[in-house]
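Below: the structure, in structure tokens.
So this is what it looks like as structure tokens:
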């Protein structure tokens, strides 16, 4: 079931990205030869108008074949009238617009999904909400559990809602359950057995933990990070601008994260194991779908923004690389050597496939040998 949901999500992401290239090219009078879902070899296809729509064997992606994007034999042998409908015959501004359209539509998809979740009711961190917005149904939740910590051994998990904490002499509950109060309660009851009441998927349970020192700034702790969370629900006309603001913030954070990750490769702090590929994404999408429609929509939005950011990296075969080459042509005042560009694209595509294979292998290893 997770695999079916993943391919459905992938189809949405690919179609939105490639539809961006497709529609802007069409509106600009450029001939589009093929709209492909997945990568060759081709399974089947059909033609509608002048464009072939193909479905290919390797489902991790898609493409739009725009006439004149490559100086192949068909382009070189075409008449001047036909060449006038090629991508290369258009102005640099139109070419840039076609290349940017894919990531733009990924961002628009994310904006729409985030705005929709805010309309339905989106889970949010109360501490990160601006003063103009108020969350409903607020409660204290566990955001992360450290491995080998007392909380982990007690069976607590990320997402659990804390209801009460109790020892033989004191208890906190109801309005007293805040991040500061819970941290203070745990720190002041070092080496004591603390009963923890929590909710998971609507079911109430209890467990017990004993705080230990050395986990958080030398203070006794149980190995969890906490936050007050609630539900943000707005009318759609208000959700649209708020969704845009949140989408921009997420995009900015992902850009910073990508820069840090790339920098980490040169300092030895980043590795392939820190990222997830298609295999890892199956599990993440499946888990989000189990948590409900809102979580699935948020996951799709995050992946869509992530694809947009990655596609802007100035690497040949990616949109950012094509924009970089287009800018180089603009500075040079004449087209780049097509043979050099084609060879560079082949090498970079092979390198991209190698990276995808390495990430996929890492995903498989993490499934077989979980940490």
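Numbering (our numbering), first residue to last: 323 to 693. The beta-carbon is built from N, C-alpha and C at its ideal position, and this holds for glycine as well.
Next on the checklist: 8 Å is my cut-off, CB to CB: does residue 404 come that close to chain C?
Outcome noted: Protein chains in the displayed structure number just one, and chain C is not present.
Checklist entry - Just checking my contact of residue 465 with residue 566 at CB under 8 Å: how many whole Å lie between their CB atoms? => result Contact doesn't hold; Cβ gap of about 25 Å is too wide.
Item to check | C-beta contact flag for residue 342 and residue 424 at 8 Å | outcome: yes
Item to check | Cβ separation of residue 433 and residue 575, assumed to be a contact under 8 Å, to the nearest whole Å | outcome: Contact flag wrong, Cβ pair sits at about 15 Å.
Next on the checklist: With distance defined between alpha-carbon atoms, name the residue in 658, 637, 617 and 647 nearest to residue 331.
Outcome noted: 617
Next on the checklist: Need the endpoints of the alpha helix (DSSP H) that residue 514 sits in, please.
Outcome noted: That residue, residue 514, is in no alpha helix (DSSP H); it is neither H nor E in DSSP.
Next on the checklist: Please classify residue 699 as buried or exposed, where buried requires at least 16 other C-beta atoms within 10 Å of its C-beta.
Outcome noted: The structure shown does not extend to residue 699, since the chain is modelled only from 323 to 693, so the question has no answer here.
Checklist entry - Among residues of its own chain, excluding the 5 on either side of residue 643, which ones have a beta-carbon nearer than 6 Å to its beta-carbon? => result 636 and 637
Item to check | Same chain only: Cβ atoms within 6 Å of residue 572, ignoring 5 sequence neighbours per side | outcome: 627
Item to check | Three-state class that DSSP yields for residue 355 in the structure shown | outcome: strand
Checklist entry - Smallest Cα separation from residue 452: which of 349, 633 and 564? => result 564
Checklist entry - Cβ of residue 615 within 8 Å of Cβ of residue 440? => result no
Checklist entry - Is DSSP giving residue 365 helix, strand or coil here? => result strand
Item to check | Inter-residue spacing [alpha-carbon to alpha-carbon] between residue 354 and residue 406 | outcome: 13 Å
Next on the checklist: Please return the same chain residues whose Cβ sits closer than 7 Å to the Cβ of residue 411, not counting the five positions on each side in sequence.
Outcome noted: 390 and 405
Checklist entry - Is it true that the CB of residue 511 sits closer than 8 Å to the CB of residue 529? => result no
Next on the checklist: Please state whether the Cβ-Cβ distance between residue 475 and residue 468 is less than 8 Å.
Outcome noted: no
Item to check | Close-in-space but distant-in-sequence residues of the same chain around residue 346 (CB under 7 Å, 5 per side omitted) | outcome: 419, 420 and 423
Checklist entry - Could you check where the alpha helix (DSSP H) with residue 549 kicks off and where it finishes? => result Residue 549 -> not in any alpha helix (DSSP H); beta strand (DSSP E) instead, spanning 546-554.
Checklist entry - What is the C-beta distance between residue 484 and residue 462, in whole angstroms, given that I count them as a contact (C-beta under 8 Å)? => result 5 Å
Item to check | residue 553 and residue 480 closer than 8 Å at C-beta | outcome: no
Checklist entry - The beta strand (DSSP E) with residue 444 in it runs from where to where? => result 444-447
Next on the checklist: Using 8 Å for Cβ pairs, my map puts residue 364 next to residue 350. What's the rounded Cβ distance?
Outcome noted: Incorrect: roughly 27 Å between the Cβ atoms, too far for contact.
Item to check | Presumed contact (8 Å Cβ cut-off) between residue 658 and residue 647, rounded CB distance | outcome: 6 Å
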